[in-house]
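S.K.:
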Amino acid sequence: MRGFLVVLLAVAAVGFVASPSLADDHSGEEGFIDLLADGGQQHWQGYRKEGWPEGWKVEDGVLAWVASGDDLMTKAHYADFDLRLEWKVDPGSNSGIMYRVSDGMEHPWLTGPEYQILDNEGHGDGKNTKTSAAALYGLYAANDPVIKPVGEWNETRIVVEGENVQHWLNGQKVVEARMGGDEWKMSVARSKFNRMKGFGKNSDGHIVLQDHGDPVWFRNVRIKRLGGE
């Protein structure tokens with residue numbers, strides 16, 4: 020017994036016992052689909068292209084950007100959903116997660132709102148709260164986000180139900196918006212998206228991981244359809 024107590028005290032002393040992260044705690048996640056299962060190729064393809072793009076690879080359950088080529092797009096459409104994942108970046112890296120994207124346009128950002136992924140300290144976009152990490156890019160700033168240092172994993176959650184969208188970062192809700200509402204329309208009118216007639220108008224669409232030419236990693240990518248889809 021004395022030896023067992025010594026071990027417990029030693030573990031506590033080095034901080035080994037900790038509350039589980041989003042990646043470890045999958046309680047209440049019934050109905051979620053692992054989008055990287057079996058290498059992810061059954062769920063993803065290049066944007067507006069067939070098959071898996073060369074610029075991305077999955078190894079040991081981690082999706083990594085390895086070279087410029089194509090944005091990565093889900094094969095399926097999603098209307099209302101709960102998307103959960105983890106991401107990390109290199110110094111100065113920029114990427115994003117777009118949703119309700121139409122594949123009928125040249126670029127996914129012409130139709131899909133974006134959850135910004137960024138090294139706030141090392142990239143110029145970090146100077147603007149509406150283009151910094153976890154922001155609804157160009158439209159809504161993230162509210163007091165707690166961001167892990169470069170090289171560490173951040174936990175993201177995107178919930179879309181009807182016109183309502185939420186961005187979460189490391190367990191904290193940092194953005195809440197109503198697509199198509201008065202505030203949304205004013206924000207779009209003041210942004211570069213005011214020239215994009217189809218932006219934010221889709222009731223469903225693809226989810227896209229952005230190839231912005233910078234290293235980015237994703238893991239534990241899972242999604243649940245909401246509203247009886």
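Using our numbering, the first residue of the sequence shown is number 20, and each one after it goes up by one. Think of the CB as a built atom: it goes at the ideal place given N, C-alpha and C, for glycine as much as any other residue.
1) Whole angstroms is fine: what's the gap from ASP144's alpha carbon to GLU171's?
2) Quick check on LYS211: does DSSP put it in helix, strand or coil?
3) Measure the C-alpha to C-alpha separation of GLY141 and GLN135 and round it to an integer number of angstroms.
4) Quick one: is ILE52 buried, meaning 16 or more other Cβ sit within 10 Å of its Cβ, or exposed?
5) For GLN229, count neighbouring Cβ atoms within 10 angstroms of its own Cβ and tell me buried if that reaches 16, exposed if not.
6) Classify ASN213: buried if its beta carbon has 16 or more other beta carbons within 10 angstroms, exposed otherwise.
7) Between the stretch 224-244 and the stretch 77-87, do three or more beta carbon pairs fall short of 8 angstroms?
8) Taking only the alpha-carbon atoms, compute the straight-line gap between LYS216 and VAL184 and give it to the nearest angstrom.
9) Between the stretch 62-75 and the stretch 197-207, do at least 3 Cβ pairs fall closer than 8 angstroms?
10) Identify whether MET205 lies in helix, strand or coil by the three-state DSSP scheme.
11) Cα-Cα, which of GLY131, LYS149, GLN60 is closest to ASP223?
12) To the nearest angstrom, how far is the alpha carbon of GLY111 from that of VAL178?
13) Per DSSP, which residues does GLN135 bridge with? Please list them.
M.R.: In short, the structure shows the following:
1) If you draw a straight line from the Cα of ASP144 to the Cα of GLU171, it comes to about 19 angstroms.
2) DSSP, reduced to helix, strand and coil, places LYS211 within a helical segment of the structure shown.
3) Roughly 14 angstroms separates the two Cα atoms.
4) Label assigned to ILE52: exposed.
5) The C-beta of GLN229 has 16 or more other C-beta atoms within 10 Å across all chains shown, which makes the residue buried.
6) By the neighbour-count rule (16 or more Cβ atoms within 10 Å), ASN213 is not buried but exposed.
7) Contact between the stretch 224-244 and the stretch 77-87 is present: three or more C-beta pairs spanning the two stretches fall below 8 angstroms.
8) Spanning the two alpha carbons is a distance of roughly 20 angstroms.
9) Under the Cβ criterion (8 angstroms, minimum of three pairs), the stretch 62-75 does not count as touching the stretch 197-207.
10) Helix.
11) Answer by Cα proximity: GLY131.
12) Pairing GLY111 with VAL178, the inter-Cα distance amounts to about 27 angstroms.
13) According to DSSP, GLN135 bridges with GLY115.
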